[in-house]
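Numbering (the working numbering), first residue to last: 3 to 227. Take a look at the structure below.
Here it is in structure tokens:
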């Protein structure tokens, strides 16, 4: 959406033309601004206090919920306080994103999405854009497996640059299937090999969250006595 609003992409049904210099500068600026803002949020408590003051003006229990989420978010940003760990996180996450982007590109080629772009090489930055927006959207609390929140931004990004809505929708659904299916199968194998059940894992999760023994644990303790 930023690219479209800035006039950097002129989308039609058949082609996309990009001013690479402006596109690179704007992308770099947005990236550096986001990293700087997150770093300041992690190391300077005044920004957190300012955000809490703003959220406290909201009605009902919203301020409490928002401040809880903010606290969890800030805890996750604690790694940004250490430059070495910051660089280590970046150097380790970049290959993961590139490998996932490569998978997106292979599936995009199987859908002949390069036919929508002239030159076809423009498919590479478009795929990287889809990789970024679809993965970031999954951080929004939603349905299990982020069904819907993954597909919608992916389809929106593709249609904004000229890909047909039907092709974009099929591509997004197939992407999600390829992302979910391997880890789901692997998880089921681990459960089977470890002789676990979903009920057992659910009870253990409830016990961890409440700090209280579950009913089956109580029975076991009494029998042990």
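No residue lacks a Cβ here, since even glycine has one placed at the ideal position from N, Cα and C.
A straight-line Cα-Cα distance of about 14 Å links residue 96 and residue 33. C-alpha of residue 104 to C-alpha of residue 140: approximately 19 Å in a straight line. Per the coordinates, the alpha-carbon of residue 169 lies some 17 Å from the alpha-carbon of residue 126. Taking a 10 Å sphere around the C-beta of residue 133, we find 16 or more other C-beta atoms and assign the residue as buried. With contacts defined by Cβ atoms closer than 8 Å, residue 182 and residue 156 do not form a contacting pair. For residue 49 and residue 204, the gap between their C-alpha atoms comes out near 37 Å.
By the neighbour-count definition (other C-beta atoms within 10 Å, threshold 16), residue 153 is a buried residue.
Taking the C-beta atoms as reference points, residue 106 is found nearer than 8 Å to residue 129. Counted as a single uninterrupted DSSP element, the alpha helix (DSSP H) harbouring residue 112 occupies residues 85-112.
For residue 205, the secondary structure class from DSSP, reduced to helix, strand or coil, is helix. DSSP places residue 136 inside the alpha helix (DSSP H), whose first and last residues are 125-139. Contact between residue 53 and residue 110 does not hold, since the beta-carbon distance rounds to 38 Å and is not under 8 Å. With fewer than 16 other beta carbons inside 10 angstroms of its own, residue 192 counts as exposed. About 22 Å separates the beta carbons of residue 118 and residue 179, which is beyond the 8 Å limit, so they are not a contact pair. Assigned with DSSP and collapsed to three states, residue 60 falls in coil, not helix or strand. Taking 8 Å as the cut-off, the Cβ atoms of residue 131 and residue 159 count as close. Sequence-distant partners of residue 64 (beyond 5 residues in either direction) whose C-beta falls short of 8 Å from its own C-beta, in its chain, are 57.
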